[in-house]
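Trainee:
Numbering (the working numbering), first residue to last: 2 to 351.
#1: Which residues bound the alpha helix (DSSP H) around residue 161?
#2: Around the Cβ of residue 166, are there at least 16 other Cβ atoms within 10 angstroms (buried) or fewer (exposed)?
#3: Please report how far the alpha carbon of residue 119 lies from the alpha carbon of residue 155, in whole angstroms.
#4: Going by other Cβ atoms of all chains shown within 10 Å of its Cβ, with 16 needed for buried, is residue 171 buried or exposed?
#5: Looking only at its own chain, which residues have a Cβ that is under 8 angstroms from the Cβ of residue 198, when we skip the five neighbours before and after it?
#6: What does the alpha-carbon distance come out to for the pair residue 123 and residue 263?
#7: Taking C-beta to C-beta, are residue 153 and residue 176 nearer than 8 angstroms?
#8: Using the C-alpha atoms, what's the distance from residue 310 back to residue 1?
#9: Please state the DSSP three-state secondary structure of residue 73.
#10: Which whole-angstrom value is the C-beta distance of residue 81 and residue 53, which I expect to be below 8 angstroms?
#11: Over the uninterrupted beta strand (DSSP E) stretch that includes residue 265, give me the two end residues.
#12: Tell me the DSSP secondary structure of residue 176 in three-state form.
#13: With DSSP as the reference, label residue 64 as helix, strand or coil.
#14: State buried or exposed for residue 190, treating a residue as buried only when at least 16 other CB atoms are found within 10 Å of its CB.
#15: With the cut-off set at 8 angstroms, would you say residue 121 and residue 137 are in Cβ contact?
#16: Kindly provide the ranges of any beta strand (DSSP E) runs that are 3 or more residues long and lie completely inside the segment 237-261, ordered along the chain.
Here it is as structure tokens:
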């Protein structure tokens, strides 16, 4: 993500001032240098959540009938939190964003398969431009993956096509129309857990079993997260020549196949200023016949292909814990029926 560096914690617990236990999900350093905390909401957060929801929905154009979000109270929000879940974004000790999650399937349009429904997605209008909404969506998708959910959905009123377009930029697609709204869906990332470097390489070998020539992989994660280690496993699984090391200073390396399969093109966009500089690497020349993996490629390399596999590697907030949570998000038609979960789940089980 271009606006922040994100670290995620798995089930890290803390307490509010009244000793209510909370579960912190992530921390992000925003573009202005402040640290945003993303955590699960508790019932005591209800007054702060309702303030943000009301402020966000009042900032939109007036519509008829008015949004039911404006009828929310601290009591109704507290009930929703207790019955489902909510993610809150906290900045300078104050709640500035929320996404509420309904797992009941009771509000879905008739005939729609089960999915987690995202509701009351709101950010404080005073914090616009900091990327908080996008951070909340990313963390919420990862949370749903940890909960074992496979699909997320939401409603967008027809009066707000710009909001629909925003969600479509976050991989949600139109599924159906329902009353005065569009109904959008997206798959939840496939989650695999790698407790150490050997497990990360094993995960890469498993992923290689579903890769094909023309595939583009966009890998993200902070320094030392394990992107190159995962790539080493992919290279082993594809049967390409080595060694595979970080391409930071050479920008791109081509590892030819030793088994008459696709080559592995391993690139690094960390030092690149944008897509124009990425184009200068001529990756498109080899894209159709190779598997291409670009580290630090989020927001830069997706234009190379209409579909790609997004991989986000997340470490916990405890520096002594080597465990990595690896989230695989398929984007585009190529990945709709790819057996990602079947290929990767046995790795974690072992």
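Idealized CB from N, CA, C, for every residue including glycine.
Mentor: The short version:
#1: Careful: residue 161 lies outside any alpha helix (DSSP H) and carries neither H nor E.
#2: exposed
#3: 5 angstroms
#4: exposed
#5: 227, 230, 323
#6: Cα to Cα, the separation comes out at about 45 angstroms.
#7: no
#8: This structure leaves residue 1 out entirely; the chain is present only between 2 and 351.
#9: coil
#10: The Cβ separation is near 14 angstroms, so there is no contact.
#11: 264-269
#12: Three-state result, residue 176: strand.
#13: coil
#14: buried
#15: no
#16: 253-256
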